[in-house]
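Below: one structure, written as structure tokens.
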Amino acid sequence: MQITDVRLRRVNSEGRMKAIASITIDNEFVVHDIRVIDGNNGMFVAMPSKRTPDGEFRDIAHPISSTTREKIQAAVLTEYDRAATEEEVIEEGA
């Protein structure tokens, strides 16, 4: 499995959520609404989820293995870091 594309929308808020990502897997399958979160132990990704009637959140889609989760997280956070660096360069040049 290869992450063949990552699209990122940065979120301008004071909260912990910093961006929302969509990933394409093997140029064939897209997963939307992956959240980039600034957690207590650093940045991480949260898979798309929905609230159940009892108020809990359940993942809509998620990796089965930790290796796949790490691959998704690495791809999304790499794109997040790249976009942040690009923004800094644009701000310095403005």
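Under our numbering, the letters of the sequence shown match residues 29 to 122, in that order. Yeah, the Cβ is synthetic: ideal placement off N, Cα and C, and Gly gets one too.
Of the residues the options, which one's Cα is nearest the Cα of residue i?
i: residue 102; options: 86, 71, 38, 114; result: 71
i: residue 31; options: 41, 53, 62, 114; result: 53
i: residue 91; options: 76, 114, 113; result: 76
So who's on the other strand from residue i, going by DSSP bridges?
i: residue 75; result: Paired residues: none, contrary to the question.
i: residue 49; result: 36, 62
Suppose you measure from the CA of residue i to the CA of residue j; what does that come to, to the nearest Å?
i: residue 46; j: residue 73; result: 10 Å
i: residue 66; j: residue 44; result: 5 Å
With 16 other CB atoms within 10 Å as the buried threshold, where does residue i fall?
i: residue 64; result: buried
i: residue 100; result: buried
i: residue 62; result: buried
i: residue 39; result: exposed
Do residue i and residue j have their CB atoms nearer than 7 Å?
i: residue 59; j: residue 51; result: yes
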